[in-house]
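Residue numbers (the numbering used here): 781 to 1033.
Down below is the structure, laid out as structure tokens.
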Ligand SMILES: [Zn+2]
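Below, the structure written as structure tokens:
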């Protein structure tokens, strides 16, 4: 049987064996949201993206003699208040998200799994701030795509701040789960340029107030699997860099 890249696929003895010998185990925790992503992309877009980044990194590292990366079951719910006007938005509180992340990491740490990295693709400010704090508290890594040094390496649309269900995110879903994108609808959507961080800083607290009356911004009609694949390559490279840094700076188990 080929070695799985998913932690929850392992038996307990195989999980134990990760700690006993061989390459340093690194556990990747995908975090997303259940949130409306326009009339064309799935509610689970952010979880799909986070999981895809983790899976690609785990596969890329499967030939590495020093590191064995495994993907944890995702935390599929997030802090999702901006999209509350649209059916399908499921929000949890900051304290619930924090507790989930901190307790999952603490549980693994107590067993000897010392290298953990959170990968998030839901960029609502309350979500990102909560995960930053939780990662610090749990002493685990965090691939924070909203940090300037990371964002600079992503697509022009992402950098423009139109980062919800537009060309950037839709391309990532097309590269991962194309069957979930309603392509006919997507191709007819007009572009809506919006700098979300600026709109949020100006005090708008929901999509409708930002003019996102169909729960998207940017230019989803221009999305492509090829762009999504290239972006996934960039995100995977960034994650692998962070994984290597964590393993180098924290002594292995
Ligand atoms: Zn999203």
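Don't be surprised by glycine CBs; every beta carbon is placed ideally from N, CA and C.
Run the proximity test for residue i: is its beta-carbon closer than 8 Å to any non-hydrogen atom belonging to ligand 1?
i: residue 791; result: no
i: residue 940; result: no
i: residue 820; result: no
i: residue 901; result: yes
i: residue 1020; result: no
i: residue 895; result: no
i: residue 825; result: yes
i: residue 813; result: yes
i: residue 839; result: no
i: residue 829; result: yes
i: residue 949; result: yes
i: residue 783; result: no
How big is the Cα-Cα spacing for residue i and residue j?
i: residue 848; j: residue 886; result: 20 Å
i: residue 827; j: residue 953; result: 10 Å
i: residue 899; j: residue 924; result: 7 Å
i: residue 785; j: residue 896; result: 14 Å
i: residue 852; j: residue 1011; result: 22 Å
i: residue 983; j: residue 990; result: 10 Å
i: residue 987; j: residue 945; result: 12 Å
i: residue 868; j: residue 996; result: 14 Å
i: residue 779; j: residue 932; result: The question about residue 779 has no answer here: the residues shown for the chain are numbered 781 through 1033.
i: residue 1032; j: residue 834; result: Because residue 1032 carries a pLDDT of 49, less than 50, the predicted location of this residue cannot be relied on, and the following value inherits that uncertainty. Taking the straight line joining both Cα atoms gives about 20 Å.
Secondary structure at residue i, three-state DSSP: helix, strand or coil?
i: residue 1027; result: helix
i: residue 920; result: coil
i: residue 1033; result: Reliability fails at residue 1033, whose pLDDT of 43 lies under 50, so the model's placement of it is uncertain and no value is given.
i: residue 1008; result: helix
i: residue 848; result: strand
i: residue 785; result: coil
i: residue 831; result: helix
i: residue 872; result: coil
i: residue 837; result: helix
i: residue 1021; result: helix
i: residue 1013; result: helix
i: residue 951; result: helix
i: residue 887; result: helix
Name the DSSP bridge partner or partners of residue i?
i: residue 914; result: None, per the DSSP bridge assignment.
i: residue 807; result: 850, 896
i: residue 998; result: 972
i: residue 821; result: 817
i: residue 858; result: 871
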